[in-house]
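Chains as they are written, first to last, in my numbering: chain A, 26 to 341; chain B, 26 to 341.
Note that the Cβ used here is the ideal one computed from N, Cα and C, for glycine as well.
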């Protein structure tokens, strides 16, 4: 569920564009006006605003924003303004170029999006970068990470609820065997995680717990510093309980020396219109602090205001 | 270019359905009538016929055909009547279930279809089998074949003409290195074939030829009996010159003790509306015999008539 607050009476697109244009011109930039418009429009409305803005002022709205804004505020406004599939294409491209074994963005996008959304992101990637997502991932990653990430980003999983329980049992056993032998990069282990439907994987992991007494992610913690194990645990979390994965991503971004604005911005910009309500609940349950209070404590200025607008804090 | 002949004045869909229904009822089946209708309607028209037939007679046309027809004639009429993406889903599913190392159908469909067509086939696969294509391929194949086939069927290649020549040079060199070391299952070799756009692969293989003097497929013939090498050569052929691949598939199906109806039917049913004109020209050039004469010599009855209708032989 979305945390975005769209007003009951939305001004016309032309009016929104005019106001945005006004916010850019004259002395200084009117950040508050930008937040009050873009922070309260849904994806379809933002798309239309971008289109009409370009027609009216002969400039891409993103370019105008890029010129006017800076730092974390700029990044969240730009990411947010992008169409979801374009945004995913942008984030995955950035992740291939900055790839390190601790970078989980590719896995996160491949596993938390619906099969159809991932496909749309791959289409947007073609359009923007004139290459395929999987080709860039395969080119920039290596070894076990490549072995896992390429099929994850290439997957077009079955999206239905049908589950084969016999298969779930046999694959739970197979996973347990491989993990017991520490064969974490095993072909079949990766095949199961990268190709089975989310419903099927969920059934398999339930069988795993019933049969072997432990959550699979407990058994994948042999070495807490091993980055490949960490990405395997992340994969499983993103596939079966994305809201918990995102809660933790936000928690880690906030609870550290110096906020990790990159992660915070990415999660808020990509989830505000998806599951942010559930993520907020998870956050409060896990940290005994409401997410908006935690964000307000850790961030400042227009960046803070935009984050709070997107996670649905009522305006005073 | 298609070889399908659709008459200038096509009867109404209702009329086509009525005629087909008539062909099924009464004494015996009127195969000639079935060929004269279905053998001369394009994909959109056949789809509409199937829809109206089901509405009018309360039975799927494919079921009715299945009851009335037999053997090779049945198979070509059924395959042909299917929507192209449904047909590809059906053929790939069959290939996963009957998979052997000499079965090239998965590779053929993954590499000769356009990126968008392959995607539509994967969607049709979800709808029909409640699983994903890549999940079944990964489950039913093993070792090096799995390592190649899963990324091939999962690919959503960039479809444009943009080519990076620097990359083509460096990857041609990389391919040559790996092949010289007989590292045919090398990660990078498979990555290049499974993820790069067809235009990029074509440029890379031209560089390969310029730089190293041989067609890459010559260098992949170290052991002519090695099935993995054969599928690698097939992959390259399907990606850069599908019409030559199909010409050879038909040639091998015809020029043997007992025709390989399975291959002949598949190529004609899947290519009649795509590249069959070019494949026919290739065939004549390579065998000094027109394809229709070769088919007429090797097949009989209604099966022969349907094949000839689809490859565009003028009716007397």
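Check	Outcome
Same chain, Cβ closer than 7 Å to residue 341 of chain B, neighbours up to 5 away in sequence not counted	Residue placement at residue 341 of chain B is flagged as unreliable, the pLDDT there being 37, under the threshold of 50; the coordinate-derived value follows with that caveat. Excluding sequence neighbours, residue 341 of chain B sits near nothing in its chain.
Whole-angstrom C-beta distance between residue 180 of chain A and residue 182 of chain B, which should lie under 8 Å	About 15 Å separates the two Cβ atoms, so there is no contact after all.
Three-way DSSP call (helix, strand, coil) for residue 32 of chain A in this model	coil
Cα-Cα separation between residue 276 of chain A and residue 299 of chain A, rounded to whole angstroms	18 Å
Inter-residue spacing [alpha-carbon to alpha-carbon] between residue 269 of chain A and residue 41 of chain B	57 Å
Residue range of the alpha helix (DSSP H) that includes residue 258 of chain B	252 to 265
DSSP state of residue 117 of chain A mapped onto helix, strand, coil	helix
Where residue 211 of chain A sits in the DSSP three-state scheme	coil
Length of the line joining the Cα atoms of residue 292 of chain B and residue 79 of chain A	48 Å
CA-to-CA distance, residue 258 of chain A to residue 238 of chain A, given in whole angstroms	17 Å
Contacts of residue 175 of chain B in chain A (Cβ-Cβ under 9 Å)	176, 179, 216, 219, 220
Where residue 20 of chain B meets chain A, residues with beta-carbon distance less than 9 Å	Past the edges of chain B, shown from 26 to 341, lies residue 20 of chain B, and the structure says nothing about it.
Assigned secondary structure, residue 161 of chain A (DSSP; H/G/I helix, E/B strand, else coil)	helix
Where residue 175 of chain B falls, given that 16 or more other Cβ within 10 Å makes a residue buried	buried
Cβ-Cβ distance between residue 117 of chain B and residue 134 of chain B below 8 Å	yes
In chain order, each alpha helix (DSSP H) run of at least 4 residues that lies wholly inside the region 266 to 307 of chain B	267 to 279, 286 to 296
Straight-line gap, residue 329 of chain A to residue 226 of chain B (C-alpha atoms, nearest Å)	47 Å
Alpha helix (DSSP H) segment containing residue 203 of chain B, residue limits	190 to 205
Length at least 4, wholly inside the region 34 to 77 of chain B: the alpha helix (DSSP H) runs in chain order	38 to 49, 56 to 63
Limits of the alpha helix (DSSP H) - the one that residue 179 of chain B falls within	168 to 179
Chain A contact residues for residue 202 of chain B, given Cβ-Cβ distances below 9 Å	Those do not exist, as residue 202 of chain B stays about 17 Å from chain A at its closest Cβ, beyond 9 Å.
The region 151 to 162 of chain B: positions lying closer than 7 Å to chain A by Cβ	151, 155, 156, 157, 159, 160
At least three beta-carbon pairs within less than 8 Å, the region 228 to 243 of chain A to the region 114 to 131 of chain A	no
Cβ of residue 112 of chain B within 8 Å of any chain A Cβ	no
Three-state secondary structure (DSSP) of residue 235 of chain B	helix
Proximity winner among B/86, B/230, B/287, B/284, relative to residue 47 of chain B (alpha-carbon distances)	B/86
CB of residue 125 of chain A within 8 Å of CB of residue 165 of chain A, strictly	no
Cβ-based neighbour list, residue 249 of chain B, same chain, cut-off 6 Å, excluding 5 preceding and 5 following	none
Assigned secondary structure, residue 341 of chain B (DSSP; H/G/I helix, E/B strand, else coil)	Residue placement at residue 341 of chain B is flagged as unreliable, the pLDDT there being 37, under the threshold of 50; the coordinate-derived value follows with that caveat. Residue 341 of chain B falls in the coil class under three-state DSSP.
6 Å Cβ shell around residue 224 of chain B - same chain, five flanking residues per side excluded	186, 188
Where residue 185 of chain B falls: helix, strand or coil (DSSP)	coil
Neighbourhood of residue 107 of chain A by C-beta distance below 7 Å, restricted to the same chain and skipping five residues each side	115
Where the alpha helix (DSSP H) containing residue 96 of chain A begins and where it ends	96 to 106
Where residue 247 of chain B sits in the DSSP three-state scheme	coil
Bounding residues of the alpha helix (DSSP H) (the contiguous stretch that carries residue 137 of chain B)	130 to 137
Within chain B, partners of residue 184 of chain A - CB distance below 8 Å	151
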